[in-house]
Structure formats: structure tokens, C-alpha cells
Amino acid sequence: MGEAEGKKDEADYKRLQTFPLVRSAAKMIKETMDKKFGSSWHVVIGEGFGFEITHEVKNLLYLYFGGTLAVCVWKCS
95 MGEAEGKKDE ADYKRLQTFP LVRSAAKMIK ETMDKKFGSS WHVVIGEGFG FEITHEVKNL
155 LYLYFGGTLA VCVWKCS
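So the mapping is simple: the working numbering equals the position in the sequence shown, first residue as 1, plus 94.
Here it is as C-alpha cells:
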């Protein structure tokens, strides 16, 4: 195994370790938004994704956390 392959495997392993944390964070954000602002909120957290969504006016949040982790929150009824 070359050095580049080893680094890729290490990066993949780190991503797999953080998956449960990201999934829990998305669930927590969705539940909080549903309780505070009514139902129909959706949350996606991850790296390297694009999106095309329909959302209610003034009900979309898209930001980067820590430089590479994107968070997209929107309401669609």
C-alpha cells in the first residue's frame, strides 16, 4: 500500500468514526427546530454535497462548520 492510499484509508476511517456524531447532530437540530418553529424541518450535514430544494421563504439556513462540514436546514410544508 502506498503512502497516498494509507492517508485515504485513514481519512475514510475518521469519517466513519464521526458519522454517528453527525447523524445525532442532524437529528437534534431537526427535533429542536420542529419543537420551536413547528414541524416539517429537514437537516443535512456532511461534506461534498450539492442540493436543489423547495423551501418556504426565509426558512433556509446553509453554513459551513469547521471549514469543511456543511449544514443545511430548511422548512418545507
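Virtual Cβ for every residue (Gly too), placed ideally from N, Cα, C.
| Asked | Found |
| --- | --- |
| Could you check which residue in G161, L163 and K124 has the C-alpha nearest to that of L154? | K124 |
| Which one of S171, V165, K108 and T112 has the shortest CA to CA distance from I139? | V165 |
| Taking the Cβ atom as the reference point for each residue, do K169 and H149 lie within a distance shorter than 8 Å? | yes |
| Please report the straight-line C-alpha distance between G144 and H136, rounded to a whole angstrom. | 15 Å |
| Since K177 is in the beta strand (DSSP E), which residue starts that stretch and which ends it? | In the structure displayed, the chain extends from 95 to 171; residue 177 sits before or after that span and is not available. |
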